[in-house]
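In this note's numbering, the protein residues as written are 196 to 275. Where a beta carbon is used, it is the ideal one built from N, C-alpha and C, also for glycine.
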């Protein structure tokens with residue numbers, strides 16, 4: 196779609212005292228889908244889980260689409 200860009204993000208999750216998924220840090224942006232997936236895959240090895248996702252954005256009209264999960268492994272919580 197003309198005027199649409201993609202933002203690629205990844206995030207790891209840890210467990211809190213009740214066993215719920217909590218973000219290990221703020222979501223980080225990647226330069227490509229491959230980079231986001233690779234980073235999430237590596238983070239999932241040392242955290243309770245990780246996710247990589249894409250959002251399509253249209254800066255000219257200020258719209259952002261829903262997250263599209265590219266990779267997930269382990270326990271993940273809210274990242275939206």
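Original post:
Can you list, in chain order, the residues of its chain whose CB lies under 6 angstroms from that of residue 199, leaving out five sequence neighbours each side?
Top reply: 251 and 253
Original post:
The alpha helix (DSSP H) spanning residue 203 covers which residue range?
Top reply: Element bounds for residue 203: not the alpha helix (DSSP H) but the beta strand (DSSP E), 200-210.
**OP:** Pick out whichever of 213, 223, 212 and 211 has its Cα sitting closest to the Cα of residue 275.
**Re:** 223
Subject >> Residue range of the alpha helix (DSSP H) that includes residue 233 >> reply: 228-239
Subject >> Residue from 242, 237 and 248 whose Cα sits closest to the Cα of residue 228 >> reply: 248
Subject >> From 270, 271 and 264, residue whose alpha carbon lies closest to that of residue 231 >> reply: 264
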